[in-house]
Amino acid sequence: MTDINARMFDRELKKGSAELLILSLIEARPRHGYEISRLIETRSGGAVRFHVASLYPLLYRLERRGWVAGRWVEKAGQRRRRYYRLTPEGRKVLAAQRSAWESFVAAMARLTRPGRA
Amino acid sequence: MPDWREEVRRRLERARLDPIRRAAVVEELAQHLEDRYADLLAGGATAAEAERATRAELDQAAPSAVPDSAPRAATGSASGPGRGASPASPLDRIGRGHPIADLLRDLRQAVKQLRTHPGFAAIAVVTLALGTGANAAVFSVVDAVLLRQLPFREPDRLVTVSARHADRGRYPFNLPDYLDYREQNRTLAGLAAYGTWSSNLTGTGDPERLSGLKVSGDYFDLLGARAAAGRLLVSADDTPGRERVVVLTHALWMRRFGGDPRIVGRTILLNGGGYEVVGVLPREFLFPVREAELAAPLAPAQDASSTVRTSANGLFAIGRLRPGVTREQAEEDLSAIARRLREQYPVANAHKPAAVVTPLHDDLVSGFRQALWVLFGAVGVVLLIACVNLASLALARAASRHREMALRAALGATRGRLVRQLGAESLLLALAGGGAGVLLAGFGVDGLLAMSPASLPRLAEVHVDRRVLLFTLAIALLAAVVFGLGPALWASRPNLQDMLRSRRADGGIGRRRGRSLLVVAEIALSLVLLAGAGLLVKSFVRLQQVDPGFRSDHLLAIRLSLPKDRYRGRAATAAFCDTLRDRLAALPGVEAAGVISALPLSGTVAAVPFTIDGRAAPPDEHLQTHWRLADAGSFRALGVPLLSGRLFDGRDGPSAPPVALISRGFARRFWPEGDPIGAVLRIDDNDQGPRPVTVVGVVGDVRHLGLDTEPEPHLYLPLQQAHEDSVGLLTGNQYWLLRTSVAPASLAPAARRALAAIDPGVPASNIRTMEQYLEASVAPRRFNLTLLLVFAATALLLAAVGLYGVISCGVAQRTHEIGVRMTLGAMRRDVLRLVVGQGMRLAGAGVLLGLAAALLLTRVASSLLFGVSATDPATFAGIALLVLGVAFLACFIPARRATRVAPIAALRSE
């Protein structure tokens, strides 16, 4: 693969999975945008990073679809922040995307495992 | 640290966000950047590095898997603060959604807006609903009666054909004429004839008098009608021996036979003869004669007398134009035939020089066209006034939303954004108002149908259907957009400095002037409607004051029809009448009883040619007079006065010298000076030639043709002396009149019993009081009048509300000024004069404008008027005073409120 192709592949992969990433991260509890971006960066060991310019449009899109809901919350000792939580519908979407992703990964794994082709 | 808010704001310039949302997004993104910057510094980066990396966050859309080796942040820093927006920020996409989703969001926003101002929303919706509902209701009638095509095949090509009488306009054919026209024309694909035919239905249940038609066999085929059950008549039914068949209308089938499908093939008794029911017409089928409920074959060869060319057997014809032939061409073609026939039969056809061809649709609705259009116009004016109120409301509201709009604009909302928001609000109002309007229209149509005159054609087709629905929605949308959104936009022209500087939320002088102009317009419009309604009211009152020539109170009328098979000839008819008269006169509560061949006000015309003995008949003038067969009792029952001579009495038997009574108009016309008693007339009421009758008395004029028609000269002959050839005038249709000392309707059962005791096979078809007949004769006028009154009252109310709104708004805005004036010593009276004067100036302008418009417009309704000119000064003056009075009230209430302003409070209100 040339460098360009690698980049494209990378982008497509992430576009499809970005929603899944974000939905998973707020599954357990509501988080604010910066927290989400930090989590993505640290948990991927710096391999995956979302910039402001891509993270927020995505968050707003998810919000418009009714999968996540953002709310300004003021916590003691902190400034007001906008927290995103999963809506019931978002929970359904997450479940569906997660199982699709898992079967995709499993399929890719079977296909790309050396010696079995 | 860089101003991240400013950085974000600049990059969001292209995003489509409303101000509040934009502020929230700026805040959220800036927080993120601040945190990132702080974290980078804490991680040991220099300020410059941290700033570069943080800015990269903003300008790089794609998440990267590898740390940015050559971050595009370089371009970002190059276009540092104050250097304008970056060409295409990924952030532009924020807020850009699906158009439907956007619309829904706008609508949600609009709902919220309207819910916070429920008063405005309610008034706007109610105004719209009233306006559109009334329009939809009237439109449904106009549509069904005037606009929609007739329920026939290719209805545009259908025409009515009649002869043109030299001096009486359209004139029916006789059978030989009809056959000649049918054979000889080259422009019609078919010509079918019909004549009225009344029959007594007996044998099943109560005997009943039915109105029907005799039609030529091709009648239904020509129209393209299909049977709802069985078959319709065909040409073969015109052949002798096969003509005893009949088709029923859907209404008769339902009413009389309960919709029984086995009716087809059954034989029913009509006029004592058996007719086989061969089929039922579809529900929407329309006869040219509204009351007709059945049709039998005309069977041309059957009736010997009808083949005589001089006979005036009233046949009318419906033709179908050949493709490509115009009405004018057909009229020319048929008139050529008329001229040929006149040459061929110079005597019989002397008065039929041409033919008249009229579109069938025009012919069916001719009497109602103008009234309906006038009503439609009137209700349109109501809508217009409602819209003007809406516009005024929108202006007022625009004033109060002034600062909201200014703020939004200042925060960066584009004009398009504001337009969309206002548009969504208008759309919502239109949907709500239109929806409520459709509901109202449903009730309105029921109301209209309930009070519409029975003579209005095509009533069965009137209902709220898809066309009405679309119409309502269309006008609601139009109204809401033009009159709701338009003013709001005009008022919200983003003139930022002005708006923000304005201390009060009142809006500018221009807006006030706009509302004032609207009020002037609606006062003018309502005055036009009121003037029209006033003229109709005056006409109606005039009509009620008309002396019909008889006393309508305590008078019962019973319509009978003697079966021709058993009452053939004068003797049988006269004997029946004598017996029945004795019986009826003997009923308790009956003061006088009598019989006449046609009821006053019925409009029934029967004419007979005559000459006066001893006078040379003027050349080329054929004297004709309306005539009736009657007995003396009928004059007593009606209360028609005997002016000179005597009424009919026992002397005027069948073998005595024939006598006649004439009306006062008859006497005045032919004996303006002398005495008509003893004069001898020769009347042509039979086939053997004119016969002499002697005038023995003069009676008062009676309005036989209708209250609004001047009484025409009438001749009355005693039924005992009716000629055998014309006694049918009385056999087929006779009206019994009972002058009662008790409530007339209470005598109906006794009268019915008396009739049944003499002959149970004679149906009494209409037993009604004369008051009811009188009422029915003015029903179309009452209908127009009631509707126009309702519309005019609504218009005045709306105009008053509009004026009130403007004045009270003005008072609210001038609280300060009023306070100052009162502090400076102005009296309450002065304040009152100030406020009321302002309102009355508007009202005065509206009245003047309205009077001018009304003078021009009421002419279109002139044919609906009676006894009053379309520019009647008294009516106009009265209406102008009424409008000014109402306007005064509408101003006085807010003015009084203004005088109650405590000066100190008013000054503080600043």
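Quick mapping for you: the protein sequence lines, in order, are chains A and B. Every letter in the first sequence is one number past the one before it in the working numbering, and letter 76, counting from 1, is 84. Every letter in the second sequence is one number past the one before it in the working numbering, and letter 263, counting from 1, is 474. In this text, a Cβ means the ideal position worked out from N, Cα and C, and glycines have one as well. Every value quoted in this text rests on a predicted model; they were computed, and no experiment measured them.
Mind checking residue i: buried by the 16 CB within 10 Å criterion, or exposed?
i        : result
A/Arg89  : buried
B/Pro451 : exposed
B/Gln324 : buried
A/Glu27  : buried
B/Val558 : exposed
B/Pro387 : buried
B/Gly428 : buried
B/Thr563 : According to the sequence as given, residue 563 of chain B is Lys; it is not Thr. With 16 or more Cβ atoms within 10 Å of its Cβ, B/Lys563 is classed as buried.
B/Ala253 : exposed
B/Glu262 : buried
B/Glu394 : exposed
B/Arg608 : buried
Strictly under 7 Å for the Cβ-Cβ distance: is residue i near chain B by that measure?
i        : result
A/Arg85  : Correcting the residue identity first, residue 85 of chain A is Gly in this sequence and not Arg. Chain B, which has no Cβ nearer than 7 Å to the Cβ of A/Gly85, makes this no.
A/Arg51  : no
A/Arg93  : no
A/Arg90  : yes
A/Gly98  : no
A/Arg118 : no
A/Ile30  : no
Enumerate in chain order the residues of its own chain whose CB-to-CB distance from residue i is below 8 Å, with the five nearest sequence positions on each side excluded.
i         : result
B/Arg1107 : Leu1043
B/Asp1041 : Arg1032
B/Pro865  : Arg781, Ala782, Ala785, Gln931, Gln932
B/Pro759  : Pro811, Leu812, Val913, Arg914, Leu918, Leu985
B/Leu688  : Leu638, Ala641, Gly645
B/Leu463  : Leu421, Glu504, Leu505
A/Trp109  : Ser25, Leu28
B/Asn411  : Pro418, Glu419, Arg420, Leu421, Leu481, Asn482, Gly483, Ser772, Pro774, Gly972, Val973, Pro974
B/Thr790  : Ile969
Say whether chain A places a C-beta atom closer than 7 Å to the C-beta of residue i.
i        : result
B/Asp246 : yes
B/Glu268 : yes
B/Leu251 : no
B/Leu223 : no
B/Glu218 : no
B/Leu240 : yes
B/Leu302 : yes
B/Ile231 : no
B/His674 : no
B/Ile305 : yes
Who are the near neighbours of residue i in its chain, counting only those whose CB is closer than 6 Å to its CB and skipping five residues on each side?
i         : result
B/Ala321  : Ala635, Glu636, Leu639
B/Arg368  : Arg531, Leu532
B/His674  : none
B/Ala691  : Ser637, Leu640, Ala641
B/Gly1013 : Asn600, Ser603, Val730, Glu733
Please report the Cβ distance between residue i and residue j, rounded to the nearest whole angstrom; I am assuming they are in contact, meaning their Cβ atoms lie under 8 Å.
i         : j         : result
B/Ala1064 : B/Ala1072 : 13 Å between Cβ atoms; not a contact.
B/Ala817  : B/Gln835  : With a Cβ gap of about 10 Å, B/Ala817 and B/Gln835 do not count as contacting.
B/Ala582  : B/Leu798  : 41 Å between Cβ atoms; not a contact.
Near residue i, which residues of its chain fall below 7 Å by C-beta distance, leaving aside the five closest residues on each side in sequence?
i        : result
B/Ala289 : Low per-residue confidence applies at B/Ala289: pLDDT is 36, beneath 50, and the placement is therefore not dependable, though the value from the model is reported in the following sentence. Answer for B/Ala289: no residue qualifies.
B/Glu502 : Ser422
B/Asn560 : Leu552, Arg553
B/Trp408 : Gly423, Leu424, Lys425, Ala507
B/Leu680 : Val649
B/Arg220 : Val237
B/Val576 : Val356, Leu357, Pro668
B/Met212 : Tyr248
Is the closest heavy atom of the ligand ADP to the C-beta of residue i under 6 Å?
i        : result
B/Ala742 : This structure lacks the ligand ADP; in fact it carries no ligand of any kind.
### Task
Closer than 7 Å, Cβ to Cβ, to anything on chain B: give me those residues from the segment 56-78 of chain A, in chain order.
Val56, Arg57, Phe58, His59, Val60, Ala61, Ser62, Tyr64, Pro65, Tyr68, Arg72
### Task
Residues of the segment 445-462 of chain B with a CB closer than 7 Å to any CB of chain A: list them in chain order, please.
none
### Query
Can you list, in chain order, the residues of the segment 1082-1094 of chain B whose Cβ is nearer than 9 Å to any Cβ on chain A?
none
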